[in-house]
Amino acid sequence: MLQQTQVGIVLPYYKDWLRRFPNFAALARASEAEALHAWQGLGYYNRARNLHATAKIVATRHCGHFPKSIEQLQQLPGVGKYTAHAIATFAFDRPVAIIEANTSRLLSRLLDLRIPIDSTAGRNALWNAASTLTPKKAPAAHNSALLDLGALVCLPRQPKCGVCPVKKFCRAKNPKSLPIKRPRPGTKQLVEKHAFVVEHDKLLLEKSPARWRGMWILPPVKLDRLKPSSLPHPIYTAVFPFTNHRVALKVFRQRLRKIDNGKCWFPFRKLDSIPIPSPHRRAIDALLGLNVSSVHAQR
Ligand code: SF4
Numbered sequence: 000m001l002q003q004t005q006v007g008i009v010l011p012y013y014k015d016w017l018r019r020f021p022n023f024a025a026l027a028r029a030s031e032a033e034a035l036h037a038w039q040g041l042g043y044y045n046r047a048r049n050l051h052a053t054a055k056i057v058a059t060r061h062c063g064h065f066p067k068s069i070e071q072l073q074q075l076p077g078v079g080k081y082t083a084h085a086i087a088t089f090a091f092d093r094p095v096a097i098i099e100a101n102t103s104r105l106l107s108r109l110l111d112l113r114i115p116i117d118s119t120a121g122r123n124a125l126w127n128a129a130s131t132l133t134p135k136k137a138p139a140a141h142n143s144a145l146l147d148l149g150a151l152v153c154l155p156r157q158p159k160c161g162v163c164p165v166k167k168f169c170r171a172k173n174p175k176s177l178p179i180k181r182p183r184p185g186t187k188q189l190v191e192k193h194a195f196v197v198e199h200d201k202l203l204l205e206k207s208p209a210r211w212r213g214m215w216i217l218p219p220v221k222l223d224r225l226k227p228s229s230l231p232h233p234i235y236t237a238v239f240p241f242t243n244h245r246v247a248l249k250v251f252r253q254r255l256r257k258i259d260n261g262k263c264w265f266p267f268r269k270l271d272s273i274p275i276p277s278p279h280r281r282a283i284d285a286l287l288g289l290n291v292s293s294v295h296a297q298r
């Protein structure tokens, strides 16, 4: 949950997740839709899909026991080098290095690394340095200390060098200029058009085949063939970020023509119990919550 997401946002989700799925067996028994529903609002839903798939693998291939070796860990869905090493060190106190945003910044400054840390050479330099520093004794405490040092002392904009316990080892001449990163690709603008179709007390939704695979969204609608003068006005617009995109979500009231595969009617009262990604959930809440009477009147 903490990949790409802050601790404060994660905590209530973490507690609720453990209440619903206290162990791998419970998660393996649940459907993917239940896992996605518990994850709803956290974003990056592949994490939930991977965790659910991992629970099934632990239950079936590892007889319910979580694997301990780095090689086996890296075979689990969504587990790369960092996650495998983090699990190995924090769960099993194994002497392996971990490199993430905080330790990357800290080590790039300690080494005065003047190459991009997101290049192959930069990543190798950081992993090599971190491996050399990792002690055989109490590696989990050492790795925790590095994470805390990066998160609390060696801050991105205002490193607290005056109180830093490793200052005498630090080679950084201009810490604020580090770490160096490759230029990011610019933000891309996207417009996504979706239909709002209601029938009595039901809303038509479609199972997302792509970005939000397994979750329910307002059905996409193609209006590109219409002349600009005959384009309908959206009844809801909002902008949300997605990776390096800024997505303009536009929702249009539509009449039902035919229901094809993947689409389904949901009674309004059932909408809370199915997984819906946050941007579409907000649109539905706004359109149904604030405007139920006019939705019916204009249907
Ligand atoms: S001395 Fe400053 S730049 Fe160096 S590790 Fe400590 S906080 Fe970071």
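Heads up: the sequence shown is residues 0 to 298, going by numbering that gives the first Met the number 0. The C-beta atom is built at its ideal place from N, Cα and C for all residues, glycine as well.
Residue i in three-state terms, based on DSSP
i	result
Ala237	strand
Ala247	strand
Gln3	coil
His232	coil
Lys175	helix
Pro218	coil
Pro138	helix
Trp264	strand
Arg104	helix
Arg252	strand
Nearest to residue i (by Cα), restricted to the options the options
i	options	result
Asn127	Ser103, Leu146, Ala140	Ser103
Lys187	Phe239, Ser143, Leu10, Thr119	Phe239
Ser207	Leu151, Ser228, Ile275	Ile275
Glu99	Gln74, Leu112, Asp111, Leu125	Leu125
Leu326	Glu33, Cys62, Gly40	Not covered by the structure: residue 326. The range shown for the chain is 0 to 298.
Leu230	Val197, Arg212, Arg46, Lys249	Lys249
Trp264	Gly79, Thr236, Pro218	Pro218
Gly42	Arg268, Trp211, Val57, Lys221	Trp211
Pro233	Pro158, Pro134, Ala54, Phe251	Phe251
Contact with chain D by residue i, beta-carbon distance below 8 angstroms
i	result
Ser103	The structure shown contains no chain D, having only a single protein chain.
Boundaries (first-last residue) of the beta strand (DSSP E) holding residue i
i	result
Leu33	The amino acid at residue 33 is misidentified as Leu; the sequence shows Glu. Where Glu33 is concerned, there is no enclosing beta strand (DSSP E), although the alpha helix (DSSP H) it sits in stretches over 31-38.
Val57	Note, Val57: premise wrong, no beta strand (DSSP E); alpha helix (DSSP H) at 45-60.
Phe195	187-195
Glu204	Before going further, note that residue 204 is Leu rather than Glu in the sequence given. Segment 201-206, the beta strand (DSSP E) holding Leu204.
Extent of the continuous alpha helix (DSSP H) to which residue i belongs
i	result
Val9	6-19
His84	80-91
Trp319	As displayed, the chain neither begins before 0 nor continues past 298, which places residue 319 out of reach and without an answer.
Residue i Cβ short of 7 angstroms to ligand 1 heavy atom set
i	result
Pro171	Sequence inspection shows Ala at residue 171; the Pro mentioned does not correspond to that position. True, at least one ligand heavy atom lies under 7 angstroms from that Cβ.
Arg280	no
Pro11	no
Leu145	no
Arg156	no
Val152	yes
Arg108	yes
Classification of residue i by the beta-carbon crowding that lies within 10 angstroms, buried from 16 upward
i	result
Pro182	exposed
Gly149	buried
Ser107	buried
Ala120	exposed
Arg28	exposed
Gln297	Only weak support is given to the placement of Gln297: the predicted model assigns it a pLDDT of 35, under 50, and the value that follows is read from those uncertain coordinates. Counting Cβ neighbours within 10 Å, Gln297 comes out exposed, since fewer than 16 surround it.
Leu1	exposed
Leu17	exposed
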